[in-house]
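J.: My questions will all concern the structure given below.
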Amino acid sequence: MASYGHHAAAAAPRPAQPANYPVPVPGHASAAPAGTFAPGTKIQVGSHRVVIQKYLSEGGFAHVYLVKLPKPLDGTDLAVLKRVAVPDKEALRSMRIEVETMKRLKGHRMIVTYIDSHASELRGGGFEVFLLMEYCNGGGLIDFMNTRLQHRLTEPEILHIFTDVAEGVACMHYLKPPLLHRDLKVENVLILSQGSKKRFKLCDFGSAAPPKPAPQTVVECRLLDEDVQKHTTLQYRSPEMIDVYRKQPIDEKSDIWALGVLLYKLCYYTTPFEDQGQLAILNASFRFHSHPVFSDRLKKLIASMLRENQQSRPNVYQVLREACAMQGREVPIHDIYAARAQSEPRRSDKPQLEKSTPPVVGAVFSPPPQETQTIPEVVPMRRGRLPVASTQSASQSQRPSPSPGRVTSGDPFAALDAKANNNTGGGDELSSRFPTLDQFSLLHNNGGGSFDFTSPATPPAAQQSDLKQKVTEHLADEAFAKPSSPPEATASNLLAIHTEVCFNWYHDIYTTAIRQGAGATSDLASTIYRSPSIYKSTT
1 MASYGHHAAA AAPRPAQPAN YPVPVPGHAS AAPAGTFAPG TKIQVGSHRV VIQKYLSEGG
61 FAHVYLVKLP KPLDGTDLAV LKRVAVPDKE ALRSMRIEVE TMKRLKGHRM IVTYIDSHAS
121 ELRGGGFEVF LLMEYCNGGG LIDFMNTRLQ HRLTEPEILH IFTDVAEGVA CMHYLKPPLL
181 HRDLKVENVL ILSQGSKKRF KLCDFGSAAP PKPAPQTVVE CRLLDEDVQK HTTLQYRSPE
241 MIDVYRKQPI DEKSDIWALG VLLYKLCYYT TPFEDQGQLA ILNASFRFHS HPVFSDRLKK
301 LIASMLRENQ QSRPNVYQVL REACAMQGRE VPIHDIYAAR AQSEPRRSDK PQLEKSTPPV
361 VGAVFSPPPQ ETQTIPEVVP MRRGRLPVAS TQSASQSQRP SPSPGRVTSG DPFAALDAKA
421 NNNTGGGDEL SSRFPTLDQF SLLHNNGGGS FDFTSPATPP AAQQSDLKQK VTEHLADEAF
481 AKPSSPPEAT ASNLLAIHTE VCFNWYHDIY TTAIRQGAGA TSDLASTIYR SPSIYKSTT
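With full-length UniProt numbering applied, the sequence shown covers 1 to 539.
So, in C-alpha cells, the structure goes:
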C-alpha cells in the first residue's frame with residue numbers, strides 16, 4: 001500500500017497498486033468525495049481515539065485524513081490516518097505486511113513512524129483497515145522535486161536526500177534476517193520539515209519481503225516472476241528481477257540497484273532506462289546527461305550501484321559511507337558486513353580460486369581483498385505458518401470501529417490467519433523453498449530476535465507407529481475377551497456372532513483413528529466400518 005505522498009503524472013504508480021496520496025497545497029483544499037468522514041468525527045484506532053481535522057486525499061481504495069491525537073506524540077498532536085477498503089484476503093495480506101513492517105521498524109528516524117492500526121470485517125464483504133502514522137508536513141519528495149523543475153536540485157541537496165533514504169534502507173537490511181523494501185523510488189519518500197531542516201523518510205512497506213534464494217526450477221522461476229511483477233516497479237527493477245530465469249537470488253543487492261536508479265532520478269529527473277527498455281536494464285546500459293552538471297565522484301557512485309553483476313554492487317554500508325564522505329559527514333551506522341565475512345564461511349559449491357577484480361570504470365570503492373558480504377543461507381522448508389506471536393496487548397486495545405462492520409477479535413488480521421490455517425492443501429514447489437512474510441513472523445516495535453526457519457511438520461512416524469500398536473493391542477484384547485461359541489451353535493449363529501465381533505472391532509478402530517487423527521488408517525477403518533460385508537467376503 002502506498003503512503004500519502006503525491007505522485008507526478010509522469011511517474012504514475014504500477015497497475016493494481018493504489019496511488020500515492022498528495023498533501024494538499026496551502027490554499028487549495030481537496031474536494032472530499034462521498035463517503036468521507038466529516039471534520040470533527042471521532043474514530044477509535046487501536047488505543048488511540050482521534051478526531052478528524054480534514055480530508056487530505058484519496059488513492060486506489062484509500063482515503064487519507066489529517067487527525068488530531070488525544071495527546072502529543074514526539075512533540076506534535078497531528079497524525080495521518082489512512083482508511084483502506086480491502087476487497088479480498090490477498091489485499092488484506094498486503095496491508096498486514098505494511099503494518100507489521102512499520103511496527104518492526106518503529107523508532108528509526110528515517111522511517112515513517114507507525115502509531116496504531118485497526119482492522120474490521122465488513123458485513124457486506126471485504127475488510128476495512130485503519131493505519132495511523134506520523135504526519136510528514138513537508139509532503140512527498142516527488143512534490144518537492146516538482147517545485148524545482150526550473151532550478152534543479154543541487155548536488156549537496158541530492159546527497160542529503162539520498163543519505164537519509166539509504167539510512168532507512170540500511171535499517172531494513174541490518175535486521176536478522178535482512179528485509180528488502182523491493183519498491184524503492186522517489187514516490188515512496190516523505191519529508192518531515194523542522195524549521196529550516198528537512199528529514200527524508202522512507203515509506204510504503206507493502207512490498208517488503210525477506211531475501212529469496214535463486215530459483216532452481218521453471219516453476220519456481222515462473223512464480224518468482226509473478227511476485228516481482230506484482231510488488232515492484234519496472235523502472236527500478238534490477239537485472240535479476242527482469243530476467244528471473246537467470247536463476248539468481250533476489251537479495252539486498254536488488255535494493256542497491258533501486259537506490260542507484262533513485263539517485264540517478266534525483267540528478268536528472270528521469271530514470272536511467274526510461275527510453276531503452278528492459279534490454280538496457282539487463283545489460284546495465286545507460287548514460288549520464290550533459291546537463292545538469294554533477295561531479296565525477298557522484299556519477300561513479302551511481303555507476304557502482306547499477307552494475308549488472310549483483311555481487312559487484314556495493315552493500316548498503318559502502319553506499320552510505322561514500323555518500324557521507326562526499327558531504328564530510330561521519331557514517332551513521334556501523335559496518336556489519338566485515339564482521340559477518342569473518343564469522344560466516346563463504347557459501348560455494350566449488351573450491352575458491354584466487355581471482356583478481358577487473359578494473360571497472362566509474363568505481364569509487366577500493367576493491368577489498370575478498371567479498372565482504374555473505375548472502376544468508378535459506379534452509380528449504382515446508383509450506384506452513386509459524387505460531388503467531390502473542391496478541392494480548394492488541395486484544396486489550398481493540399474497540400468497535402465507527403464504520404459499519406464486525407470487528408475481528410485479538411489480532412486485527414486474524415481473518416487472514418483463519419483462512420491460512422484452514423488451507424491444508426500441499427504447498428507448491430516455490431512455497432516450499434521460499435519463506436513467506438507470514439512465516440517471516442515480523443516482530444513488533446523495535447524488533448529483536450532472529451527468524452527461525454522452521455514450520456509445522458506432519459506427525460512424526462513414531463506417533464503413527466504408536467497408533468498402529470494401540471490398534472493392534474486393542475484388537476487382541478477384544479478378541480480374547482469374547483466368549484467362545486458353544487458347541488451346539490449352528491453355522492448361521494456362528495456367522496452372526498462372527499459378523500458382530502468384526503463390526504465392533506472396526507467400530508473401535510474407526511473411532512480411535514478419528515480421535516488420534518490418523519489419516520490413512522482412519523480412511524481404511526471408515527471404509528470397513530461402513531461396509532462390514534467386506535469382512536464377510538474375506539472369511
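Even for Gly, the Cβ is constructed at its ideal location relative to N, Cα and C.
1) Going by other Cβ atoms of all chains shown within 10 Å of its Cβ, with 16 needed for buried, is ALA338 buried or exposed?
2) Where does the unbroken alpha helix (DSSP H) through LYS265 begin, and where does it stop?
3) Could you tell me which of MET133, CYS136, GLU308, VAL99 sits nearest to ALA119, measuring between CA atoms?
4) Assess contact between the stretch 146 to 159 and the stretch 120 to 133, defined as three or more Cβ pairs (one per stretch) separated by less than 8 Å. Is contact present?
5) Can you tell me the Cβ-Cβ gap for TYR135 and VAL80, rounded? I've got them flagged as a contact below 8 Å.
6) Would you decide whether ARG49 is buried or exposed? Buried here means 16 or more other CB atoms lie within 10 Å of its CB.
7) Quickly, what does DSSP pair PHE130 with across the bridge? List them, please.
8) Can you tell me whether DSSP reads THR163 as helix, strand or coil?
9) If you check the beta carbons only, do LYS54 and LEU132 fall under 9 Å apart?
10) Is it right to say ASP74 is buried, meaning 16 or more other beta carbons lie within 10 angstroms of its own, or is it exposed?
11) So VAL186 and LEU259 are in contact, right, with Cβ under 8 Å, and what is the actual spacing, rounded?
12) Helix, strand or coil for GLN194? Go by DSSP, reduced to three states.
13) Taking DSSP as the reference, what is the three-state secondary structure of GLY59?
14) For GLY40, which residues in the same chain have their Cβ closer than 7 Å to its Cβ, ignoring the five residues on either side in sequence?
15) Is the CB-CB distance between VAL86 and PHE61 below 9 Å?
16) Note down the Cα distance separating LEU141 from PRO272, rounded to an integer number of angstroms.
17) Taking all protein chains shown into account, decide if ARG104 is buried (16 or more other Cβ within 10 angstroms of its Cβ) or exposed.
18) For ALA170, count the other beta carbons within 10 Å of its own beta carbon; 16 or more makes it buried, fewer makes it exposed. Which is it?
19) At the level of alpha carbons, what is the spacing between PRO435 and LEU69?
20) Pull up the distance between the alpha-carbon of HIS162 and that of MET95, whole angstroms please.
21) How long is the line joining the alpha carbons of MET326 and LEU159, rounded to whole angstroms?
22) Tell me where the alpha helix (DSSP H) around VAL45 begins and ends.
23) With GLY168 and LEU190 assumed to form a contact (beta carbons below 8 Å), what rounded beta-carbon distance in angstroms separates them?
24) Counting Cβ pairs, one atom from each stretch, are 3 or more of them under 8 Å apart for the stretch 242 to 249 and the stretch 289 to 303?
25) Assuming VAL316 and GLU252 are in contact, meaning their beta carbons sit under 8 Å apart, how far apart are those beta carbons, in whole angstroms?
26) Excluding sequence positions up to five away, which residues of its chain have a Cβ less than 8 Å from the Cβ of PHE144?
27) Distance, Cα to Cα, TRP257 vs HIS231?
28) Considering only their Cβ atoms, is the gap separating PRO178 from PRO213 smaller than 9 Å?
29) Which residue wins for smallest C-alpha separation from ARG287, given the options LEU279, GLN278, ALA303, ARG297?
30) Take SER47 as the anchor and find which of PRO239, MET305, LYS71, GLN310 has the nearest alpha-carbon.
31) Give me the residue from LEU180, GLU308, GLN194, TYR269 with the minimum Cα distance to PHE205.
32) Use the C-beta contact count for PRO314: other C-beta atoms within 10 angstroms, 16 or more gives buried, fewer gives exposed.
33) State yes or no: is the C-beta of VAL165 within less than 9 Å of the C-beta of MET110?
34) Please name the residue in ASP183, THR76, TYR268, VAL84 whose C-alpha comes closest to that of SER117.
35) Report yes if the C-beta distance between ALA284 and ARG307 is below 9 Å; otherwise report no.
36) Going by the CB atoms, is the gap between GLN311 and SER254 shorter than 9 Å?
T.: According to the structure shown:
1) exposed
2) 252 to 268
3) VAL99
4) Counting C-beta pairs closer than 8 Å gives fewer than three between the stretch 146 to 159 and the stretch 120 to 133, which falls short of the contact rule.
5) Cβ atoms of TYR135 and VAL80 come within 8 Å of each other, at about 5 Å.
6) exposed
7) ARG83, HIS118
8) Of the three classes helix, strand and coil, the one that applies to THR163 here is helix, per DSSP.
9) no
10) exposed
11) Cβ-Cβ separation between VAL186 and LEU259: approximately 11 Å, too far for a contact (criterion under 8 Å).
12) GLN194: strand per DSSP, three-state reduction.
13) In the structure shown, GLY59 adopts extended strand secondary structure according to DSSP, grouped into three states.
14) VAL51, ILE52
15) yes
16) In this model, LEU141 and PRO272 are separated by some 19 Å (Cα to Cα).
17) buried
18) buried
19) Caution is warranted here: a pLDDT of 42 is assigned to PRO435, below 50, making its placement in the model unreliable, and no coordinate value can be reported.
20) Reading off the sequence shown, one finds Phe at residue 162, where the question assumed His. Each residue's Cα considered, the two are about 27 Å apart.
21) 8 Å
22) Unbroken run through VAL45 is the beta strand (DSSP E), 42 to 45; no alpha helix (DSSP H).
23) Rounded, the Cβ-Cβ distance is 11 Å, inconsistent with contact.
24) no
25) Contact between VAL316 and GLU252 is confirmed by a C-beta separation of about 7 Å, below the 8 Å threshold.
26) If the five residues before and after PHE144 are omitted, its C-beta is found closer than 8 Å to the C-beta atoms of GLY138, ILE191, all from its own chain and listed in chain order.
27) Approximately 16 Å between the Cα atoms of the pair.
28) No, the Cβ-Cβ distance between PRO213 and PRO178 is not below 9 Å.
29) ALA303
30) LYS71
31) LEU180
32) buried
33) yes
34) VAL84
35) yes
36) no
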